[in-house]
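With positions in the sequence shown counted from 1, the corresponding number in this note's numbering is that position plus 13.
Here is the structure we will look at.
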Amino acid sequence: MTLKQALSRARGILADGNIEDAPLESELLLRHTLKISQVQLYLDLDHELSPNQEQTFWQLIKRRLNGEPTAYITGHREFYGLDFYVSPDVLIPRPESELLVEMALDLIQNRPVPTIAEVGTGCGAIAISLALKLRRAKIYATDVSALALKVALFNCQRHGVADRICLLHGDMLAPIPEPVDLVVANLPYVSESELTSSVNFEPLLALDGGSDGLEKIYQLCQRVTDKLRPDGYLLLEVGQGQGKEVTTCLHSLFPSAKIEVVPDLSGIDRVVSLRLTHNPSGAKLIN
C-alpha cells in the first residue's frame, strides 16, 4: 500500500467514524508513523509502506476511532505557530486560546519590563508563547497539578525559556510572590452537565468548572486583588454564553474598572478583559 492509498483509506475511515477534520488527522498520524515532515510526505506519496509501518498506522487509526485525541497519540500539538509536547496530564491547547496571547501582547508589550502571571499553565503553551515574544518579561506560571508542571518544564526547556519562566506549584495566584502587570488564565469552564467522553482522555481537573462552569473563574476573580498592580490587566478565557455572567461578577468586584468581552474568530465571546483604573483595595467580595 502506498502513502497515497493509506491516506485515502484512513480519511474515509475517520470520516465514517465522525472524526472532525479527517484529512488532517490522517496526515498527522501517518507522518507520526513514518517520522517524516509534511513536505516529505507529499513528495513521496507513491512510496510503499512496509508491513510493520502499515500495522503501526492502522493501530493509531484505531486508537483515534476509539476517541483518543491525535495530540495524545503523537505527543504533539501546535499552538501559536509553535510545537508543544502534550500528554494526558495536560489539557490539549485549543486554537481559540491563541486570542489570549494576542491580547496579552497588545496590552503589555509597551511596558519596559512587564511582569506576567499565567494561572493554570498546563503544558505551558501560553506562558512560553509570551516569553518568546516578550524577551524582557518576567513570567510566573502556576498549576495545581505537579504532573502538568513537569510537562510545562519540558516545553520551557525545549523552547529555551526555562530561565525566564518561573513555574510554581499551587492553587491559582497563591504561589505568586509579588503583584504583576497582567494575569492571564484559561481555567476550567465546562459545566458538570456538559462534560463528555473526552474526560476519558483529558484531565478532569483541567475541564470541570463546577455546576455552572464558572466556579474556578469566580474564585480567581475574587482572589486577584492582592496580586494585580493598580494599573494592571486581567484576561480570562470563557466558554460560550459565559461572557455576560463573568462581566457582571467583575463589575461587582471592581466597579470602576474597564471591562470588555472580545469574540474569537468564530464570533463566540471568548475573552473577558479587565483593566484596573484605580487601586483595587476597595474591591468587594461576592459569593
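Don't be surprised by glycine CBs; every beta carbon is placed ideally from N, CA and C.
Given this structure, state the Cα-to-Cα distance separating residue i from residue j, to the nearest angstrom.
| i | j | result |
| --- | --- | --- |
| residue 240 | residue 128 | 11 Å |
| residue 184 | residue 160 | 14 Å |
| residue 148 | residue 29 | 46 Å |
| residue 69 | residue 195 | 45 Å |
| residue 17 | residue 58 | 5 Å |
| residue 169 | residue 275 | 29 Å |
| residue 98 | residue 171 | 9 Å |
| residue 87 | residue 173 | 22 Å |
| residue 290 | residue 271 | 7 Å |
Assign residue i to buried or exposed, taking buried as 16 or more other Cβ atoms, counted over all protein chains shown, within 10 Å of its Cβ.
| i | result |
| --- | --- |
| residue 249 | buried |
| residue 110 | buried |
| residue 286 | buried |
| residue 106 | buried |
| residue 207 | exposed |
| residue 65 | exposed |
| residue 255 | buried |
| residue 119 | exposed |
| residue 280 | exposed |
| residue 176 | exposed |
Could you check which residue in the options has the C-alpha nearest to that of residue i?
| i | options | result |
| --- | --- | --- |
| residue 84 | 39, 190, 124 | 39 |
| residue 137 | 126, 124, 162 | 162 |
| residue 96 | 289, 15, 141 | 141 |
| residue 277 | 235, 116, 258 | 116 |
| residue 230 | 201, 257, 63, 218 | 201 |
| residue 20 | 37, 166, 145, 158 | 37 |
With residue i as the anchor, note down where its alpha helix (DSSP H) starts and where it stops.
| i | result |
| --- | --- |
| residue 256 | 256-266 |
| residue 271 | Where residue 271 is concerned, there is no enclosing alpha helix (DSSP H), although the beta strand (DSSP E) it sits in stretches over 271-276. |
For the beta strand (DSSP E) holding residue i, just list the boundary residues, first then last.
| i | result |
| --- | --- |
| residue 286 | 282-288 |
Q: Mind listing, in chain order, the continuous alpha helix (DSSP H) runs of no fewer than 4 residues lying wholly within the segment 159-209?
A: As far as the segment 159-209 is concerned, its whole alpha helix (DSSP H) runs of at least 4 residues are 159-171.
Q) Whole alpha helix (DSSP H) runs in the segment 52-140 with 4 or more residues, listed along the chain? A) Along the length of the segment 52-140, whole alpha helix (DSSP H) runs at least 4 residues long occupy 64-78, 83-87, 111-121, reported in chain order.
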